[in-house]
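One structure is given here, and the rest of the page talks about it.
Number of protein chains: 2
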Amino acid sequence: MEVQYWDSIENVSRNELKKLQLFRLKETVQRASASLFYRSVFKQHKLSADIIHSAEDLQRFPFTTRSDISSHYPFGLLSVDRCEVVRFHSSAGAYAPKKGIFYTKDDLSAWASLVARSFYATGMVSTDILQVMTDFGLHTTSHGCELGGEELGVLVIPAGNISMHRHIQLMKELGATVLYLPAGMLATLVDTFYELNMSPSVDTEVRQLIVGEDPIDQKEKERIENMLKIPIYRSYGILEINSPGMAIECEQQEGMHIWEDYYFVEIIDPEKLTPLPSGEWGELVITTLNQEGMPLIRYRTGDITRIIEEPCRCGRTHRRIDTITRRTDELFFIQGKALYPAQIAQTLQRVPEVGDNYVIYLETTDGNDQLTIEVEVVDNLYLDNYGKLECLTKNISSRIFEETKVLPKIKLVQNNHFSLHNEKYLKQVVDRRKKTE
Amino acid sequence: MEVQYWDSIENVSRNELKKLQLFRLKETVQRASASLFYRSVFKQHKLSADIIHSAEDLQRFPFTTRSDISSHYPFGLLSVDRCEVVRFHSSAGAYAPKKGIFYTKDDLSAWASLVARSFYATGMVSTDILQVMTDFGLHTTSHGCELGGEELGVLVIPAGNISMHRHIQLMKELGATVLYLPAGMLATLVDTFYELNMSPSVDTEVRQLIVGEDPIDQKEKERIENMLKIPIYRSYGILEINSPGMAIECEQQEGMHIWEDYYFVEIIDPEKLTPLPSGEWGELVITTLNQEGMPLIRYRTGDITRIIEEPCRCGRTHRRIDTITRRTDELFFIQGKALYPAQIAQTLQRVPEVGDNYVIYLETTDGNDQLTIEVEVVDNLYLDNYGKLECLTKNISSRIFEETKVLPKIKLVQNNHFSLHNEKYLKQVVDRRKKTE
Numbered sequence: 479m480e481v482q483y484w485d486s487i488e489n490v491s492r493n494e495l496k497k498l499q500l501f502r503l504k505e506t507v508q509r510a511s512a513s514l515f516y517r518s519v520f521k522q523h524k525l526s527a528d529i530i531h532s533a534e535d536l537q538r539f540p541f542t543t544r545s546d547i548s549s550h551y552p553f554g555l556l557s558v559d560r561c562e563v564v565r566f567h568s569s570a571g572a573y574a575p576k577k578g579i580f581y582t583k584d585d586l587s588a589w590a591s592l593v594a595r596s597f598y599a600t601g602m603v604s605t606d607i608l609q610v611m612t613d614f615g616l617h618t619t620s621h622g623c624e625l626g627g628e629e630l631g632v633l634v635i636p637a638g639n640i641s642m643h644r645h646i647q648l649m650k651e652l653g654a655t656v657l658y659l660p661a662g663m664l665a666t667l668v669d670t671f672y673e674l675n676m677s678p679s680v681d682t683e684v685r686q687l688i689v690g691e692d693p694i695d696q697k698e699k700e701r702i703e704n705m706l707k708i709p710i711y712r713s714y715g716i717l718e719i720n721s722p723g724m725a726i727e728c729e730q731q732e733g734m735h736i737w738e739d740y741y742f743v744e745i746i747d748p749e750k751l752t753p754l755p756s757g758e759w760g761e762l763v764i765t766t767l768n769q770e771g772m773p774l775i776r777y778r779t780g781d782i783t784r785i786i787e788e789p790c791r792c793g794r795t796h797r798r799i800d801t802i803t804r805r806t807d808e809l810f811f812i813q814g815k816a817l818y819p820a821q822i823a824q825t826l827q828r829v830p831e832v833g834d835n836y837v838i839y840l841e842t843t844d845g846n847d848q849l850t851i852e853v854e855v856v857d858n859l860y861l862d863n864y865g866k867l868e869c870l871t872k873n874i875s876s877r878i879f880e881e882t883k884v885l886p887k888i889k890l891v892q893n894n895h896f897s898l899h900n901e902k903y904l905k906q907v908v909d910r911r912k913k914t915e
Numbered sequence: 479m480e481v482q483y484w485d486s487i488e489n490v491s492r493n494e495l496k497k498l499q500l501f502r503l504k505e506t507v508q509r510a511s512a513s514l515f516y517r518s519v520f521k522q523h524k525l526s527a528d529i530i531h532s533a534e535d536l537q538r539f540p541f542t543t544r545s546d547i548s549s550h551y552p553f554g555l556l557s558v559d560r561c562e563v564v565r566f567h568s569s570a571g572a573y574a575p576k577k578g579i580f581y582t583k584d585d586l587s588a589w590a591s592l593v594a595r596s597f598y599a600t601g602m603v604s605t606d607i608l609q610v611m612t613d614f615g616l617h618t619t620s621h622g623c624e625l626g627g628e629e630l631g632v633l634v635i636p637a638g639n640i641s642m643h644r645h646i647q648l649m650k651e652l653g654a655t656v657l658y659l660p661a662g663m664l665a666t667l668v669d670t671f672y673e674l675n676m677s678p679s680v681d682t683e684v685r686q687l688i689v690g691e692d693p694i695d696q697k698e699k700e701r702i703e704n705m706l707k708i709p710i711y712r713s714y715g716i717l718e719i720n721s722p723g724m725a726i727e728c729e730q731q732e733g734m735h736i737w738e739d740y741y742f743v744e745i746i747d748p749e750k751l752t753p754l755p756s757g758e759w760g761e762l763v764i765t766t767l768n769q770e771g772m773p774l775i776r777y778r779t780g781d782i783t784r785i786i787e788e789p790c791r792c793g794r795t796h797r798r799i800d801t802i803t804r805r806t807d808e809l810f811f812i813q814g815k816a817l818y819p820a821q822i823a824q825t826l827q828r829v830p831e832v833g834d835n836y837v838i839y840l841e842t843t844d845g846n847d848q849l850t851i852e853v854e855v856v857d858n859l860y861l862d863n864y865g866k867l868e869c870l871t872k873n874i875s876s877r878i879f880e881e882t883k884v885l886p887k888i889k890l891v892q893n894n895h896f897s898l899h900n901e902k903y904l905k906q907v908v909d910r911r912k913k914t915e
């Protein structure tokens, strides 16, 4: 008989799950109180693990936000001695909001088994060959895929940041059966197959895709599935907590099971910050239940979704979350990299010849996603001198490449250009990327 | 009492070590005979594990070369079932010689403990904070550092491919105590500290550097050590076999201990392919003694060194290898990336406007290593049209960036330019990088 679940916890009764959650909630609060940040928060609000008698008691604790993590960077939320953590993760850019995320050895093992469990739920098995197409480095995604894939016993190809042509060449050579990629890379994948006159379902062994990082809605997902003739499984995670490994679509593909033995889930009104009735759309708030190095209590993810309460046909008792409809933060994804507008802004500030205003355009040219930045020059004389102009655009684009590893196209516009235009585009990211169809 | 060695095998008697080697040599040949490649080689030469009664009997086996790996890419040297391997590594470029390197779960554990042993030999301990500055992805180095660092229990910062400014910012923020970087990045490190008006030994917690990848000679190493006032430990490894983790300098810093329980070492004359007397300089040939997924027999590394037979003052009984004086292959390193001239060549071939000849220059401008490629245009009229020229250089540089992730400077020269010059520079890599002094 085929084993249906990676871990027997996946179909434990909701009652058992709730008992485990309560136990681990208390444990988590206890552990968190060892960190500088939570010790001070708990003291200020007169809170401790002792006040938790039911899951509802958690609501007496304040939310933790991204800016709490940034302003206590790097070690303020660390709940164990520095010597006990073996891995640091963060956002990659020098000017991105600073985040220090720490893992103990046990956290890494737990992460590996969560990702293995997630992958297994999509139908991956140890004979699969998994090509990891996300960039390695400070961000967690690729490392998590590698850990989890190996735990599951698949052959992992840590392809990382290579061109789409090379990705396709590799998947053909090695016979990759599963690809893990950011949803934002799907369009380039489709286009490159088209350019090569190849059909992935015929010309490769790929039989499923797992997408993470940027949100993708159901309609867009189905459109790409129909084009590729390959199913796409959505996964969910955030840098701050084991991404990937938090939630994933099972073979039923009707929402993402969020692993409730590891994550306590709340949905709140993102304006009023009050709990929302079950099933309503709101901001996802997570309390980690099993992190040692850096437990988080009521962490505001910035992601909007809803809980699906109905039991899933797969038999897993862990509830599902619906499509992530938008992120409340500014992070955007291009060419498989996660970028913050602040990285662009602060890089531009170091170039005296340009003004304060800019617009970031995400565009598709020749099937490739392109980052274009419109920047005002301080001195309009620049615009008449081709040599100077050329030199300045090169200077800016190489500084931004240095910071983001994405080579942008720079468009210089005259001083006060933006004041003539609609203010609402200023310092914003305008996503004009072609939806693949 | 302080534990002096990570593993008790490090100071076992030479007799014990040789017995273990003989046992593992037979085992390795036995395992290798399960691969398509070795099965056919052994059949052709009537060889088997049974003929090995002493280490000298290994000389009856033919050498394995890089081209054997390439021409049997990807699975030809795999000695276990595909389902048993969990990790694939390779060179990153689409046009680099193809190499498929495979690891079982046990190979990864063994690799982790070899790197931990290596790091420990340099004086690293679990309280250290290790910043990994090599690029992650298909190549092994960063993954090996991560595995080994975690095994040793240090805090690993998987920094990867970020700018040197960001590296320095990170090491300050986190208090990194050890940096792992390619020797080729040392000059940029020194320059960037200088530019920032910082002294690493005063303004950071860094207390040692470990360098790998490209060779560095003793004099250059000492010069940089004196500038930084921080000791540098050399390590040695090759993509094909657990790099890093093969050999490292202990705290005595008089040559790199090569772990003889995992690697059987020969030094041969690279022209005549005959064994050289002990202590003479020649090509390093390695037989793996403990690899499961892809054992290699008499593998020609292409690296020139010599064995140091004298016992080391550290008490380790594993012999040392001397400075790697040159690599016989063409691989070069720039901006922390490993590149093959073939990647450049084959990318240029896809641009109809340029000729067959080119020269690759590695230069230092403004303290940064720069890749410059001189290319002939087919039609000299190009050189008179600034717009066309601009467009063509952009096209070439973006294609090369796409392939190598290094943004080159392209210099177009007239048709037949190279025939007027010394032929010996053609299709070669000219390294004009400033040695830091």
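Protein chains in written order, with the numbering used here: chain A, 479 to 915; chain B, 479 to 915.
Backbone N, C-alpha and C fix where the C-beta goes; we use that ideal spot for every residue, glycine too.
Classify residue i as helix, strand or coil using the three-state DSSP reduction.
i                     : result
residue 520 (chain B) : helix
residue 614 (chain B) : coil
residue 667 (chain B) : helix
residue 555 (chain A) : coil
residue 675 (chain A) : coil
residue 903 (chain B) : Bear in mind that a pLDDT of 47 at residue 903 (chain B), under 50, signals an unreliable position, so the number given afterwards is only what the model happens to contain. Helix.
residue 577 (chain A) : coil
residue 774 (chain B) : coil
residue 496 (chain A) : helix
residue 543 (chain B) : coil
residue 791 (chain B) : coil
residue 528 (chain A) : helix
Am I right that residue i and residue j are in contact with their C-beta atoms under 8 Å? What's the rounded C-beta distance?
i                     : j                     : result
residue 892 (chain B) : residue 837 (chain B) : At roughly 14 Å, the Cβ-Cβ gap does not stay under 8 Å, so residue 892 (chain B) and residue 837 (chain B) are not in contact.
residue 630 (chain B) : residue 658 (chain B) : That belief does not hold up - the Cβ atoms of residue 630 (chain B) and residue 658 (chain B) are roughly 12 Å apart, past 8 Å.
residue 781 (chain A) : residue 762 (chain A) : 5 Å
residue 689 (chain B) : residue 654 (chain B) : Not confirmed; about 15 Å, so no contact.
residue 641 (chain B) : residue 881 (chain A) : 7 Å
For residue i, is the classification buried or exposed, using 16 other Cβ atoms within 10 angstroms of its Cβ as the cut-off for buried?
i                     : result
residue 713 (chain B) : buried
residue 468 (chain A) : With chain A covering 479 to 915 only, the question about residue 468 (chain A) has no answer from this structure.
residue 557 (chain A) : buried
residue 722 (chain A) : buried
residue 855 (chain A) : buried
residue 620 (chain B) : buried
residue 910 (chain A) : exposed
residue 606 (chain A) : buried
residue 752 (chain B) : exposed
Looking only at DSSP bridge pairs, what is residue i linked to?
i                     : result
residue 855 (chain A) : A:832
residue 817 (chain A) : A:810
residue 735 (chain A) : A:726 and A:798
residue 659 (chain B) : B:689
residue 711 (chain A) : A:688
residue 846 (chain A) : A:843
residue 565 (chain B) : A:634 and B:581
residue 891 (chain B) : B:854
residue 436 (chain A) : This structure does not reach residue 436 (chain A), given that chain A is present from 479 up to 915, and the question cannot be answered.
residue 760 (chain B) : B:783
Sorry if obvious, but does the Cβ on residue i come closer than 7 Å to a heavy atom of the ligand HEM?
i                     : result
residue 747 (chain B) : Among the ligands in the structure shown, none appear at all, so the ligand HEM cannot be discussed.
Exercise for the section: Could you say if the region 559 to 569 of chain B and the region 883 to 892 of chain A meet the contact criterion of at least three C-beta pairs nearer than 8 Å? Expected result: Flag = no, the region 559 to 569 of chain B and the region 883 to 892 of chain A do not touch.
Problem - Touch test, the region 747 to 766 of chain B against the region 690 to 708 of chain B, Cβ-Cβ under 8 Å, three pairs minimum - result: Contact between the region 747 to 766 of chain B and the region 690 to 708 of chain B is absent, because fewer than three Cβ pairs lie under 8 Å.
Problem - the region 636 to 646 of chain B touching the region 609 to 619 of chain A, judged by at least three CB pairs closer than 8 Å - result: Judged by Cβ distances under 8 Å, the region 636 to 646 of chain B makes contact with the region 609 to 619 of chain A, as three or more pairs qualify.
Exercise for the section: Answer yes if the region 492 to 505 of chain A comes into contact with the region 732 to 745 of chain A, meaning at least three C-beta pairs across the two stretches below 8 Å, and no otherwise. Expected result: With the cut-off at 8 Å, the region 732 to 745 of chain A and the region 492 to 505 of chain A touch.
Practice task
Decide yes or no for the touch test of the region 769 to 781 of chain A against the region 545 to 560 of chain A: beta carbon pairs closer than 8 Å, at least 3 of them.
Solution key: Counting C-beta pairs with one atom in each stretch, the region 769 to 781 of chain A and the region 545 to 560 of chain A have three or more that are closer than 8 Å, which means they touch.
Exercise for the section: Spell out a yes or no on whether the region 704 to 712 of chain A and the region 725 to 739 of chain A are touching, meaning 3 or more CB-CB pairs, one atom from each, closer than 8 Å. Expected result: Contact between the region 704 to 712 of chain A and the region 725 to 739 of chain A is present, because at least three Cβ pairs lie under 8 Å.
Problem - Inter-stretch contact at 8 Å, needing at least 3 Cβ pairs: the region 572 to 589 of chain B / the region 542 to 550 of chain B - result: Judged by Cβ distances under 8 Å, the region 572 to 589 of chain B makes contact with the region 542 to 550 of chain B, as three or more pairs qualify.
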